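Residue numbers (my numbering): 1 to 168.
We put the CB at the ideal spot given by N, CA and C, even for glycine.
These numbers come from a predicted model, not from an experiment.
First the structure, in the form of structure tokens, and then the observations on it.
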Ligand SMILES: [Zn+2]
Ligand SMILES: [Zn+2]
């Protein structure tokens, strides 16, 4: 996770001998505007109090922080952490009608949504899954409805498969 360096600025009185606040010094040292670290302890939450965490920052300090001040940092060095980001929704493409009254017209290629088919099968729902013009850039056999949870389901599945593989 990460927190804005300005979070560690005290008042005007905390400027160092160069007249810099913590965040200004932090940025001047080339760290940017964020402090990176990991949550080392989650405090139990009482009533309507905000959730507090104990955070150990990479440079060594340990501080208490509020929920609102923290955000998840993207793992830059751990690139194999979540490869589902490689999956993108792409159009199946177009095809030209060669015969009939619509001859010469270009229309989108459509396939039946993979997630919907699976869901129908599991729930023993009869009927065919809706058509969609979208598929996965990585898994060419996966078609997904654009405006439903189908795409998220695909990403979740990919993640699950990967986790299972990691355990082997
Ligand atoms: Zn995919
Ligand atoms: Zn669907």
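Point to revise | Candidates 55, 72, 18, of which the one nearest residue 64 by Cα | key: Taking only the C-alpha atoms, the option nearest residue 64 is 55.
Review point. Going by the C-beta, is residue 137 closer than 8 Å to any heavy atom of ligand 1?
Key: Residue 137 Cβ: within cutoff of ligand 1.
Review point. So what does DSSP say about residue 131, is it helix, strand or coil?
Key: In the structure shown, residue 131 sits in a strand (DSSP, three-state: E or B).
Review point. In terms of alpha-carbon separation, which member of 93, 116, 68 lies closest to residue 126?
Key: Measuring from the Cα of residue 126, the nearest candidate turns out to be 116.
**Study point:** residue 66 - containing beta strand (DSSP E), residue span
**Key:** Per DSSP, residue 66 belongs to the beta strand (DSSP E) from 62-66.
Exercise for review: Indicate whether the contact test is met: 3 or more Cβ pairs, each with one atom in the segment 37-49 and one in the segment 6-16, closer than 8 Å.
Suggested key: Segment contact: the segment 37-49 against the segment 6-16, fewer than three CB-CB distances shorter than 8 Å; contact not assigned.
Check your understanding: Expressed to the nearest angstrom, what Euclidean distance is found between the alpha-carbon atoms of residue 106 and residue 146?
Key -> Distance between the alpha carbons of residue 106 and residue 146 is about 20 Å.
Check your understanding: Is residue 30 near residue 5, with beta carbons less than 9 Å apart?
Key -> Their beta carbons are not under 9 Å apart, which means residue 30 does not touch residue 5 by this criterion.
Check your understanding: Whose beta carbon lies closer than 7 Å to any heavy atom of ligand 2, going through the chain in order?
Key -> Ordered along the chain, the selected set is 113, 115, 116, 129, 130, 132, 144, 145, 148, 150.
Exercise for review: With DSSP as the reference, please indicate the residues paired to residue 41 in a beta bridge.
Suggested key: Note: residue 41 sits in a beta bridge opposite 54.
Check your understanding: Who are the near neighbours of residue 7 in its chain, counting only those whose CB is closer than 6 Å to its CB and skipping five residues on each side?
Key -> 69, listed in sequence order.
Exercise for review: May I ask you to check if the CB of residue 42 is nearer than 8 Å to at least one heavy atom of ligand 1?
Suggested key: No, since every heavy atom of ligand 1 falls outside the 8 Å radius drawn around the Cβ of residue 42.
Practice item. State yes or no: is the C-beta of residue 1 within less than 9 Å of the C-beta of residue 37? Key: Contact flag set, yes.
Exercise for review: Give the single residue among 118, 142, 122, 124 whose Cα lies nearest to the Cα of residue 110.
Suggested key: Looking at the Cα atoms, 142 is the closest of the given residues.
Point to revise | Residues of its chain near residue 133, where Cβ-Cβ distance is below 7 Å and the 5 sequence neighbours each way are ignored | key: Contacts found: 91, 92, 108, 109, 110.
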